[in-house]
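Just so you know, the UniProt record's numbering puts 591 at position 591 of the sequence shown, and the rest follows in order with no gaps. All residues carry an ideal CB built from backbone N, CA and C; glycine is no exception. Have a look at the structure below before the remarks.
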Amino acid sequence: MCGIVGFVTHKSVMKKLMMGLQTLEYRGYDSAGVAIMQNNQIITRKAVGKLVNLANSLQLAPLDSNIAIGHTRWATHGGATENNAHPHVSSSVVVVHNGIIENFACLRDELEEQGFKFKSQTDTEVISHLIQFYYDQSQKTCSDRLKSLQQSFNRLKGAFAVVVCFSDAPTEMFAFARGSPLSFGVRNTQSQDQKVQNEYYIASDPLAFSQWVEQMCHLSDNQILHICQGPDTDSYDLYDMSLSKIQVKLEQNSLSDQFVNKGSFAHFMLKEINEQPRAILDTLAHVMSLIDQRKESLDQYFNKARETQLNLIACGTSYHACLVAKYFFEKYARISTTAELASEFLYRSPVLKGNYCFVSQSGETRDTIAAHDMVSNQYQTMAIVNVPTSQLARKANIVLTTQAGPEIGVASTKAFTSQLVVYLALCMSQISDVQTKNSFKQQLTIAATTLGEYLQFHTTEIQQLAQHLSKYKSMTYLGRGASFPIALEGALKLKEICYIHAEGYAAGELKHGPIALIDEQMPVVVFVSEENLEKIMSNVQEVLARNGKCIVVLNQACRELFDESYSSKASRINSQMESPILDQLQKLSFLVTPKVGEVGDLFFQSVVLQMLAYYTALELGVDVDQPRNLAKCVTVE
1 MCGIVGFVTH KSVMKKLMMG LQTLEYRGYD SAGVAIMQNN QIITRKAVGK LVNLANSLQL
61 APLDSNIAIG HTRWATHGGA TENNAHPHVS SSVVVVHNGI IENFACLRDE LEEQGFKFKS
121 QTDTEVISHL IQFYYDQSQK TCSDRLKSLQ QSFNRLKGAF AVVVCFSDAP TEMFAFARGS
181 PLSFGVRNTQ SQDQKVQNEY YIASDPLAFS QWVEQMCHLS DNQILHICQG PDTDSYDLYD
241 MSLSKIQVKL EQNSLSDQFV NKGSFAHFML KEINEQPRAI LDTLAHVMSL IDQRKESLDQ
301 YFNKARETQL NLIACGTSYH ACLVAKYFFE KYARISTTAE LASEFLYRSP VLKGNYCFVS
361 QSGETRDTIA AHDMVSNQYQ TMAIVNVPTS QLARKANIVL TTQAGPEIGV ASTKAFTSQL
421 VVYLALCMSQ ISDVQTKNSF KQQLTIAATT LGEYLQFHTT EIQQLAQHLS KYKSMTYLGR
481 GASFPIALEG ALKLKEICYI HAEGYAAGEL KHGPIALIDE QMPVVVFVSE ENLEKIMSNV
541 QEVLARNGKC IVVLNQACRE LFDESYSSKA SRINSQMESP ILDQLQKLSF LVTPKVGEVG
601 DLFFQSVVLQ MLAYYTALEL GVDVDQPRNL AKCVTVE
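As structure tokens, then:
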């Protein structure tokens, strides 16, 4: 959600700071701001809307400093206004913050009684005033600054990360994390007189500084980082909540910035759709290797699950991947499996049993982490993440990482299909029939190697269909079996980036309510597979009979069977009579994919729904990579 940056260098840092904020745009935001310390004063600059508005403001009236903090805000407490935008100031304290302070209301009342004046509706301003309250009672030394932070953080409830500066200590910066991601990076440099001059970087996501640092680490919960820039030497220290020093364990920066630019593509989403062939193959090779390496622990994990239950827990698109996995684990591995939304699992007092698997692209999804923490003391946990250094990855007993690379577009594409690969590989490892296992692997490989060609030759067809669909206000997606979660994902994509109301249904549920909505203003996208062709054809006929427009996504073999069926029906109708079958055919559109198999077809269906949503959004003029009100990484409950 919100993005935090704090940079400490020996040169002007504003250009880098804005680049860091630009990297964090994918997290979702509605305002942005920066702060510097100058002549023992705090100077802030804020803007509502896109980061370009802040950049324009800085261009008109530049700020210059070698130490600065910045923030992109996603509104939770208070609307998107300059007053609510970060950073937030209290005389000599300035704060940027990600997360939610659960007890901010009572703290605000207490601080107002002490005479503090609030200028915003945010919970963040409570932090700056609370730190100021404790700091004002001290001698205002470096140790007092640490003490005021300790006292403040002990009183704050919730999951959050903050970066703090003091105007009377302009060469220092502090950071703290509790249940919210914060990374720290270091670059060693030398001045012209050979003095060591380190550069220090703090951010919600290390991608914001990865191109400049050699070493990095991630702050663990309840750790306070203190950076101090001196005339002769620079230093950084890490403290626990008793203010005892902790060893800082830096690791070599293994991140690459090659994925962070769009290259020749118009949008990150389009780039990431086209990266799926590589992501699928890389993830398959990586996970198969991990499964071999961890065979004993994985067998123990699944043996326990087979005796009791396998529980798959996630949010959003990752939840849809869990629904697909449930279908395959039960059908082929014969393991009783549930798929649950983390946000519901947390609050419904579930009967806990079996083993648990948690899925999150970022590994920082707050609801998913909270669900993990709820069961981790008693049950074996597995995590499937795209970020190996994330909180979820650090917490789980078993970790499997997708190899999608950084996903910047808010609407998930390659992370979703990579999660499917991990689940299918795990399912393969639990199938005893060698022929079935080989078929799974072969289908995954064929899908990956032919997806690129499909994208190349069918884009125009999808664009034309998207142009037509952009005129409608609502859509319905239908699927059966493993294609039902694909229908849910298709509807989600349309809502996310097209702002078109869409619902996904199990095709068998059409007549149990949704069919009441079908008319000429309700296009219906139907995902077809060979094993349920006849049933799905009945659903298609029900839609057409009510003047609905039907888009059928099916492989080449299904298309041929479909044509044969309609041809047979049409031939039985007297040529002198009006033919409803022929009329209905005019309302049908087909998106035909190669025949790969039950497993491989899912990946083509996924790409079709992504492309359909992408090009529909373009027709509507929507900001595809940063749709309104959405955040890539949801770090609050």
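For residue i, does the three-state DSSP call read helix, strand or coil?
i: K46; result: strand
i: L238; result: strand
i: V599; result: helix
i: Y332; result: helix
i: Q258; result: Below a pLDDT of 50, predicted positions are generally treated as unreliable, and Q258, at 49, falls in that range; the measurement from the model is reported next regardless. DSSP places Q258 in coil when its eight states are reduced to three.
i: P170; result: strand
i: M522; result: coil
i: N98; result: strand
i: V34; result: strand
i: E275; result: coil
i: L352; result: coil
i: H320; result: helix
i: L455; result: helix
i: L63; result: coil
i: T436; result: helix
i: L281; result: helix
i: N547; result: coil
i: G479; result: strand
i: A80; result: coil
i: R108; result: helix
i: K495; result: helix
i: F116; result: coil
i: M577; result: Because the pLDDT of M577 is 38, which lies under 50, any placement of that residue in the model is unreliable, and the number read from its coordinates should be weighed accordingly. The answer is coil: DSSP assigns M577 none of H, G, I, E or B.
i: H226; result: strand
One question on the structure: do residue i and residue j come within less than 7 Å of each other, judged by their Cβ atoms?
i: N53; j: A47; result: yes
i: T96; j: R108; result: Here the sequence assigns Val to residue 96, which means Thr is not the residue at that position. No.
i: A491; j: G479; result: no
i: L149; j: G70; result: no
i: A175; j: I202; result: yes
i: S183; j: H218; result: yes
i: L167; j: I42; result: The residue you asked about is not Leu; residue 167 is Ser in the sequence shown. Yes, the pair counts as a contact, with Cβ atoms nearer than the cut-off.
i: N555; j: T593; result: yes
i: S120; j: G78; result: yes
i: R187; j: E172; result: no
i: T459; j: E503; result: no
i: L284; j: P406; result: no
Quick test of your reading: residue i and residue j, contact by CB under 8 Å. State the CB separation rounded to the nearest angstrom.
i: M37; j: I67; result: 7 Å
i: G513; j: Y26; result: That belief does not hold up - the Cβ atoms of G513 and Y26 are roughly 37 Å apart, past 8 Å.
i: G548; j: I500; result: Incorrect: roughly 16 Å between the Cβ atoms, too far for contact.
i: K511; j: E542; result: 7 Å
i: S362; j: G597; result: Incorrect: roughly 31 Å between the Cβ atoms, too far for contact.
i: Q151; j: Y134; result: 5 Å
i: V248; j: V164; result: At roughly 18 Å, the Cβ-Cβ gap does not stay under 8 Å, so V248 and V164 are not in contact.
i: N84; j: T44; result: So it is not a contact: roughly 13 Å between Cβ atoms.
i: Q197; j: A279; result: Contact doesn't hold; Cβ gap of about 39 Å is too wide.
By Cβ distance below 6 Å, which residues in the same chain neighbour residue i in space, the five residues on each side in sequence not counted?
i: I335; result: A305, R306, L310, F329
i: A80; result: D30, S31, V48
i: Q258; result: Unreliable positioning characterises Q258 in this predicted model, as indicated by a pLDDT of 49, which lies under 50. A coordinate reading is not provided.
i: F268; result: K262, I408, G409, D625
i: F527; result: G479, S483, I486, A487, V553, Q605
i: M577; result: Residue placement at M577 is poorly supported in this model, since its pLDDT is 38, which falls under 50; the coordinates still yield a value, given next. Once the five neighbours on either side are set aside, M577 has no close Cβ partner at all.
i: F104; result: D123, V126
i: M19; result: none
Starting from the C-beta of residue i, find all residues in its chain whose C-beta is less than 8 Å away, skip the five residues before and the five after it, and write them out in chain order.
i: T368; result: I313, A314, C315, S318, A342, F358, V359, S360, L392
i: I273; result: T413, K414, L455, V607, Q610, M611, Y614
i: E112; result: F118
i: L544; result: C550, Q584, K587, L588
i: I246; result: Q223, L238, Y239, D240
i: Q464; result: none
i: C427; result: A325, F328, F329, Y332, A333, F440
With a CB to CB cut of under 7 Å and the five nearest residues on each side skipped, what residues in its chain are close to residue i?
i: G158; result: G99, I100, I101, E102
i: A557; result: E530, K595
i: Y301; result: N355, Q380, M382, I398
Taking 8 Å as the threshold, find out whether the region 379–389 comes into contact with the region 350–370 through three or more Cβ pairs.
-> yes
Does the pairing of the region 262–280 with the region 203–221 give three or more beta-carbon distances under 8 Å?
-> no
Segment contact, 8 Å Cβ cut-off, at least three pairs: the region 315–330 with the region 414–427 = yes
Inter-stretch contact at 8 Å, needing at least 3 Cβ pairs: the region 23–38 / the region 83–97 | yes
Specify whether the region 460–472 and the region 431–445 touch according to this definition: at least 3 beta carbon pairs, one from each stretch, less than 8 Å apart.
-> no
Touch check for the region 235–246 and the region 370–379: three-plus C-beta pairs under 8 Å?
-> no
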